[in-house]
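In this text, residue positions in the sequence shown follow this note's numbering: the first is 2, and each later residue adds one.
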Amino acid sequence: MADLYAIPMWIVLLLFLPLLLFMKKKMDARSRRQSMQPPPSPPKLPVIGNLHQLGELPHQSLWRLSKKYGPVILLQLGGIPSVILSSAEVAREALKVHDLDCCNRPSSDNSRRLTHNYRDMAFAPYGQYWREMKKICVLEVFSMKRVQAYRFIREEEVAMLINGISHSSSSATLIDLSEKLFALNANITCRAAFGKSFRGSDLDNERFQEVVHEAESLLGSFSASECFPYVGWILDRLSGRLRRLERIFRELDHFFQQVIDLHLMRPEMAKQEHEDIIDVLLRIEREQIDPSAAHFSKENVKAILLDLFLAGVEPGAITIIWAMTELAKNPRVMKRAQDEVRNLVGNKGKVTESDTDQLPYLKMIVKETLRLHPPAPLLLPRETMSRFNLNGYDIYPKTLLQVNAWAIGRDPEYWKKPEEFIPERFIDSSIDYKGQHFEFLPFGAGRRGCPAIYMATVTVELALANLIYCFDWKLPYGMEEEDINMEESVGLSLTNHKKTALHLVPVKLFN
Numbered sequence: 002m003a004d005l006y007a008i009p010m011w012i013v014l015l016l017f018l019p020l021l022l023f024m025k026k027k028m029d030a031r032s033r034r035q036s037m038q039p040p041p042s043p044p045k046l047p048v049i050g051n052l053h054q055l056g057e058l059p060h061q062s063l064w065r066l067s068k069k070y071g072p073v074i075l076l077q078l079g080g081i082p083s084v085i086l087s088s089a090e091v092a093r094e095a096l097k098v099h100d101l102d103c104c105n106r107p108s109s110d111n112s113r114r115l116t117h118n119y120r121d122m123a124f125a126p127y128g129q130y131w132r133e134m135k136k137i138c139v140l141e142v143f144s145m146k147r148v149q150a151y152r153f154i155r156e157e158e159v160a161m162l163i164n165g166i167s168h169s170s171s172s173a174t175l176i177d178l179s180e181k182l183f184a185l186n187a188n189i190t191c192r193a194a195f196g197k198s199f200r201g202s203d204l205d206n207e208r209f210q211e212v213v214h215e216a217e218s219l220l221g222s223f224s225a226s227e228c229f230p231y232v233g234w235i236l237d238r239l240s241g242r243l244r245r246l247e248r249i250f251r252e253l254d255h256f257f258q259q260v261i262d263l264h265l266m267r268p269e270m271a272k273q274e275h276e277d278i279i280d281v282l283l284r285i286e287r288e289q290i291d292p293s294a295a296h297f298s299k300e301n302v303k304a305i306l307l308d309l310f311l312a313g314v315e316p317g318a319i320t321i322i323w324a325m326t327e328l329a330k331n332p333r334v335m336k337r338a339q340d341e342v343r344n345l346v347g348n349k350g351k352v353t354e355s356d357t358d359q360l361p362y363l364k365m366i367v368k369e370t371l372r373l374h375p376p377a378p379l380l381l382p383r384e385t386m387s388r389f390n391l392n393g394y395d396i397y398p399k400t401l402l403q404v405n406a407w408a409i410g411r412d413p414e415y416w417k418k419p420e421e422f423i424p425e426r427f428i429d430s431s432i433d434y435k436g437q438h439f440e441f442l443p444f445g446a447g448r449r450g451c452p453a454i455y456m457a458t459v460t461v462e463l464a465l466a467n468l469i470y471c472f473d474w475k476l477p478y479g480m481e482e483e484d485i486n487m488e489e490s491v492g493l494s495l496t497n498h499k500k501t502a503l504h505l506v507p508v509k510l511f512n
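This is the structure in C-alpha cells:
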C-alpha cells in the first residue's frame with residue numbers, strides 16, 4: 002500500500018487523462034444536443050427523407066407545409082439538409098442580417114456538369130473570383146448605361162413582333178403569344194450579347210428555346226447523385242440525365258465558341274458602332290492588367306453568356322405571358338391600361354422606352370404580375386457558410402437555404418386579397434422589387450440578388466405597352482374569362498411557366 006501512495010500524482014493524472022477527456026467530450030456533446038434548436042421538420046422516410054413531399058410544384062408544396070410547420074422548415078432531401086423560408090421576416094433576417102453567413106452557392110452536380118470549367122457567376126462560390134465576376138456584370142454588362150445603349154435593339158425587335166402579329170390580326174387568326182414572346186426575348190438577348198439575332202444560326206428559334214428550357218429545368222431540379230451520395234450517380238446515368246447535361250453543354254458551348262470566333266476574326270475597322278456584350282467581355286480580357294484580380298479568360302466570357310441566357314430569355318418572356326394572361330382574364334384592368342397608354346401615345350403608332358416612364362399603371366401591372374407569378378418561385382439556393390440563429394432556430398454550415406418568393410408574395414399578412422390580381426394595390430406604395438422590401442422578392446436580395454433587374458424590367462414594360470397599345474385582344478371563340486387556364490407548369494424548374502400556351506386573337510387598332 003505504501004508503494005501505491007508513493008506513485009507521483011502526475012502519473013496518476015496522466016493515466017486518467019484519456020478517461021477525463023472522453024467524459025468531457027460526452028458531456029459537451031450532450032450539452033450541445035440540449036442547446037440545439039433545429040427548425041421544425043415534417044416526418045421523413047428512410048433514405049429519401051422529405052423528397053416525396055415536394056410534389057409536382059415544389060413551391061406550392063412547400064407553401065402548404067409552411068402553413069402547418071411555420072415559416073422556417075427543415076427538410077431532408079435525400080442527403081441534403083435544406084431550410085425553406087416562407088415569410089418576409091425570416092427572409093429579411095437571412096438575406097440582410099445574415100447575408101454573409103449564407104451567400105455561398107451549393108456546388109451542385111447539375112451546375113458543375115452544365116457549366117464544366119466555365120465557373121459562372123450565378124453558381125460560383127463566394128470569394129474573390131465571384132466578387133470580380135459580379136463587379137464585371139454590374140459595372141459593364143448590366144449597368145444602366147449599357148442597358149440604355151441596347152434600347153434600339155429592344156425597340157426594333159418589339160416592332161418586328163408587332164408587325165408579325167399585325168398580319169394575323171387582319172384575318173382574326175388565333176396566335177400563340179407564348180411562342181412569339183419567347184422568340185422576342187431570345188432575339189433581344191442574342192442581339193445584345195452577340196450583335197446579331199440567332200436567326201439563321203446553328204441554333205434556330207425552336208431549338209434555341211428547347212436548349213434554354215432544358216438547361217433551366219435541369220439546373221432547377223435535384224439530381225440523384227446529389228440526393229443520394231455514392232450511389233445516386235448510377236440512377237443519373239441509367240435515366241440519361243448525365244447524357245442530357247453533356248449534350249446541352251456541348252450545344253451551348255459550340256454556339257458560344259462560334260460567335261466568339263466570329264468576333265475575334267472581325268477586323269477592328271469593321272466593328273459595329275455599338276459594342277455588344279461579347280465585344281465588352283473580350284475587351285476586358287485584353288485589357289486586364291491587375292495581377293491580384295481573378296484571371297479573366299474565354300471560359301469566363303462563356304460563363305457570363307450562359308448566365309445571361311438562363312436569366313434573360315425565359316424569365317422575361319414568362320413575365321410578359323403571365324401579364325397578358327392576367328389582362329385577358331381581367332378586362333377592367335386591360336381597359337384601364339389601354340386607356341393610359343393610348344391617351345399618352347396618341348396616334349404615333351408605337352410606344353417607345355421614353356414613353357414607358359410615363360405609364361405608372363403599366364408599371365403597377367408589371368409589379369402585380371411579379372408578385373403573383375415570380376419567374377423564379379424558389380430563389381436560387383444558397384449554402385450556409387457558418388452557424389447562425391434564424392428566427393430562434395440553429396442553422397448549421399453546409400445547409401441548403403431557399404426562399405419561397407411565391408409564398409411570400411401571397412402572404413395575407415402583407416397583401417390584401419393576395420390571390421387576386423389588383424395592380425391598384427401599388428398606388429402610393431413605395432414597395433419595389435429591388436431587394437429592399439422583403440415581402441416582394443422576385444429578383445432576390447442581398448449579395449446574390451439579380452444584377453440584371455433593369456435590363457429585365459425595361460424589356461417587359463416596352464413589350465407589354467406595345468401589345469396593349471396596338472391591339473385589342475379577344476379570347477378564342479366560345480371561351481370566357483373564367484375558362485382561362487391559370488395552372489403553372491409541372492416539374493422541378495427554376496422558372497414558373499404557364500402550363501398551357503397563351504392563345505389570343507389580336508384586333509389591330511392602328512393601320
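Note that the Cβ used here is the ideal one computed from N, Cα and C, for glycine as well.
Note that the structure is predicted; figures quoted are calculated from it, not measured.
Close beta carbons around residue i, own chain, < 8 angstroms, minus the five adjacent residues each side
i: residue 176; result: 166, 169, 504, 505, 506, 507
i: residue 181; result: 162, 165, 166
Beta-carbon proximity of residue i to residue j, cut-off 8 angstroms
i: residue 253; j: residue 302; result: no
i: residue 100; j: residue 448; result: yes
i: residue 464; j: residue 185; result: yes
i: residue 422; j: residue 331; result: yes
i: residue 192; j: residue 354; result: no
i: residue 183; j: residue 318; result: yes
i: residue 402; j: residue 383; result: yes
i: residue 63; j: residue 42; result: no
i: residue 84; j: residue 400; result: yes
i: residue 40; j: residue 478; result: no
i: residue 363; j: residue 462; result: yes
i: residue 328; j: residue 338; result: yes
i: residue 379; j: residue 59; result: yes
i: residue 178; j: residue 325; result: yes
i: residue 429; j: residue 419; result: no
Beta-bridge pairing of residue i - partner residues as DSSP gives them
i: residue 105; result: 384
i: residue 405; result: 379
i: residue 169; result: Partner(s): none; residue 169 has no beta bridge.
i: residue 505; result: 176
i: residue 82; result: 77
i: residue 473; result: 508
i: residue 45; result: Residue 45 pairs with nothing; no bridge assigned.
i: residue 389; result: 396
i: residue 136; result: Paired residues: none, contrary to the question.
i: residue 71; result: Answer is none; residue 71 lacks a bridge partner.
i: residue 50; result: 46, 78
Residue i versus residue j - alpha carbon distance
i: residue 434; j: residue 138; result: 19 angstroms
i: residue 147; j: residue 424; result: 30 angstroms
i: residue 215; j: residue 249; result: 8 angstroms
i: residue 105; j: residue 340; result: 46 angstroms
i: residue 97; j: residue 136; result: 20 angstroms
i: residue 377; j: residue 320; result: 10 angstroms
i: residue 496; j: residue 61; result: 13 angstroms
i: residue 45; j: residue 87; result: 20 angstroms
i: residue 475; j: residue 159; result: 21 angstroms
i: residue 489; j: residue 502; result: 11 angstroms
i: residue 144; j: residue 454; result: 10 angstroms
i: residue 481; j: residue 404; result: 35 angstroms
i: residue 153; j: residue 460; result: 11 angstroms
i: residue 391; j: residue 51; result: 21 angstroms
i: residue 407; j: residue 372; result: 7 angstroms
i: residue 266; j: residue 157; result: 27 angstroms
i: residue 414; j: residue 451; result: 26 angstroms
i: residue 57; j: residue 258; result: 36 angstroms
i: residue 289; j: residue 333; result: 55 angstroms
i: residue 410; j: residue 264; result: 43 angstroms
i: residue 397; j: residue 255; result: 41 angstroms
i: residue 386; j: residue 126; result: 10 angstroms
i: residue 456; j: residue 260; result: 22 angstroms
i: residue 197; j: residue 241; result: 34 angstroms
Other residues of its chain near residue i: CB distance less than 7 angstroms, five sequence neighbours each side excluded
i: residue 310; result: 190, 213
i: residue 142; result: 278, 281, 305
i: residue 498; result: 319, 489, 490
Cβ shell of residue i (< 6 angstroms), same chain only, five flanking positions each side left out
i: residue 286; result: 297
i: residue 323; result: 370, 374
i: residue 436; result: 446, 450
The ligand NAP heavy atom lying under 7 angstroms from the CB of residue i
i: residue 143; result: Among the components of this structure there are no ligands whatsoever, and the ligand NAP is therefore not found.
Check your understanding: With a cut-off of 8 angstroms, do at least 3 Cβ pairs link the stretch 339-359 to the stretch 453-473?
Key -> yes
Point to revise | Given 8 angstroms, three or more beta-carbon pairs between the stretch 73-91 and the stretch 353-360 | key: no
Exercise for review: Inspect the CB distances between the stretch 87-107 and the stretch 428-444 and report whether three or more fall short of 8 angstroms.
Suggested key: yes
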